[in-house]
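Structure, as structure tokens:
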Amino acid sequence: PGKRLDSGQLSATGINVGDTVLYGKYGATEVKVDGVDYLILRAEDVLAVLEG
2 PGKRLDSGQL SATGINVGDT VLYGKYGATE VKVDGVDYLI LRAEDVLAVL
52 EG
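Each residue of the sequence shown is one higher than the last, beginning at 2 in this note's numbering.
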């Protein structure tokens, strides 16, 4: 969703389904849910977004 602002609202990340996200080597946490691998990272750790 994005970062929570002081007003309590969420800011948009500018990242959409199908986009390729570039992030630093240690910027993500790997998790597995129901046999599916996911990467979780903060919007601040995104270096670039390549639109899909």
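Where is the CB? At the ideal position from N, CA and C, for every residue including glycine.
Sub-8 Å separation of residue i and residue j beta-carbons
i	j	result
glycine 15	leucine 48	no
glutamate 31	leucine 40	yes
aspartate 7	glycine 53	no
Reduced DSSP secondary structure (H/G/I, E/B, other) of residue i
i	result
alanine 44	helix
glutamate 31	strand
leucine 6	coil
threonine 14	coil
aspartate 38	strand
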